[in-house]
Amino acid sequence: MRALIHDPTILLLDEPFSSLDVLSANILKEFIGNMRENKTIVVSTHDIDLAKSLCDREGILVEGRMRKVFKSSDITSAGVKAIFEMGP
């Protein structure tokens with residue numbers, strides 16, 4: 001990952017797990033878990049369970065706008081669905 005050569009304090013990962021096999025995804029999860037102690041990592045994903053396992057906080061975007069920010073321990077699938085049903 002060339003983005004890490006310069007040791008950035010903030011790392012933005014857009015759907016980093018798409019198209020990865022299970023072994024590679026597990027390696028990346030461990031890698032992100034080890035890096036999160038020293039960096040701010042922003043991960044975009046459609047997988048709520050994955051986000052809960054990796055993140056301290058999660059933000060929900062609706063039509064390109066931040067609709068809600070949760071502690072990962074507080075988010076539920078029903079809560080996310082309700083946010084989308086609220087409309088713009």
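Sequential numbering from 1 applies to the sequence shown in this note's numbering.
We treat Cβ as the ideally placed atom computed from N, Cα and C, and that holds for glycine.
Quick one: what does DSSP say residue i is sitting in, helix, strand or coil?
i	result
Leu11	strand
On the premise that residue j lies in contact with residue i, defined as a C-beta separation below 8 Å, what is that separation, rounded to the nearest angstrom?
i	j	result
Ile75	Glu58	6 Å
Leu20	Leu13	About 12 Å separates the two Cβ atoms, so there is no contact after all.
Buried or exposed for residue i, going by 16 or more other Cβ atoms inside 10 Å?
i	result
Pro16	buried
Ala51	buried
Taking the CB atoms as reference points, tell me whether residue i and residue j lie closer together than 8 Å.
i	j	result
Cys55	Ser44	no
### Task
Please specify which runs of the beta strand (DSSP E), each continuous and at least 3 residues long, are wholly inside the segment 34 to 69, giving them in chain order.
Runs of the beta strand (DSSP E) lying entirely within the segment 34 to 69 and spanning at least 3 residues, in chain order: 40 to 44, 57 to 62.
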